[in-house]
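Following this note's numbering, the numbering of the sequence shown begins with 888 at its first residue and continues without gaps.
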Amino acid sequence: MHASRRAFTMFEVLLVMAVMVMILSLAWPVLDRYRSEYRLRQGGLLIQSRLSAARVHAIDSGVPYEFRYEPGGQKFLVLPHDVQALLAQHVPGSHGPAKIAGKLPSPQAEFDATSPGASGGQQISGDWLTGIAGASEFSGATWSAPILFYPDGTAASATLTIRDKKSQSVTVSVRPLTGAVSVSKVVRGGH
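This is the structure we're talking about:
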């Protein structure tokens, strides 16, 4: 009679580890693709929420708001379109006009420089950036043409694309009549 086995041999352990490594090496590219698609989609959803915030601020304040992004970069801004008109309405002791600045969440993603409105690079006066945390980081950037949101809830028609290093993209669109913002599914492929 044979004695009962109580442990695995070194060969069995190495064999199981080799099979696990092989499965992981086959699954890794697929998992990495899904992860990068998820991060790109999250960037699109962030921009959707910031564009929607610009619309809400325009409706609440009664002053047009604008969204600008850095073509070929990651930065974006939401500012009142006419700072002087908003400052004229400003009540002393209140927080002042709403301003939002931020960056895309994925370091591999950037705003497509070939999107409509991205060309012609514009600078923004440092006065407009007053009150934004880390304003110096945003002051030297070249910005897209503004995407405008009006107090009646309408907006300028706009489409912008966010790309990553793996030739994937997501498109964010603004409807002019309603100011509604939508995000496309992630698209794989060339420019």
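No residue lacks a Cβ here, since even glycine has one placed at the ideal position from N, Cα and C.
Residues near residue 1064 in its chain [Cβ-Cβ closer than 7 angstroms; skip 5 each side]: Cβ within range, chain order: 1041.
If you count every other CB in all the chains shown that lies within 10 Å of the CB of residue 991, and 16 or more means buried, which is it? Buried: at least 16 other Cβ atoms inside 10 Å.
Within 10 Å of its beta-carbon, does residue 1070 have 16 or more other beta-carbons around it, so buried, or fewer, so exposed? That one is buried.
Exposure label - residue 1009; buried when at least 16 CB within 10 Å: Flag for residue 1009 reads exposed.
Answer yes or no: do residue 1031 and residue 925 have a C-beta to C-beta separation smaller than 7 angstroms? Against a cut-off of 7 angstroms, the Cβ pair of residue 925 and residue 1031 comes out as no contact.
7 angstroms CB neighbourhood of residue 939 in its chain, flanking five on each side removed: Cβ within range, chain order: 1068.
Flag this pair as touching only if the stretch 988-1004 and the stretch 951-970 have three or more C-beta atom pairs under 8 angstroms; answer yes or no. Touching, per the Cβ criterion.
By the 10 Å Cβ neighbour count, where 16 or more other Cβ atoms means buried, how is residue 1045 classified, buried or exposed? With 16 or more Cβ atoms within 10 Å of its Cβ, residue 1045 is classed as buried.
Can you find a heavy atom of the ligand FMN that lies under 6 angstroms from the Cβ of residue 1026? Ligands are entirely absent from the displayed structure, and the ligand FMN is therefore not among its contents.
Please list, in chain order, all residues of the same chain as residue 921 whose beta carbon is under 7 angstroms from its beta carbon, the five residues on each side excluded. Excluding residues up to 5 positions away in sequence, nothing lies with its Cβ nearer than 7 angstroms to the Cβ of residue 921 in the same chain.
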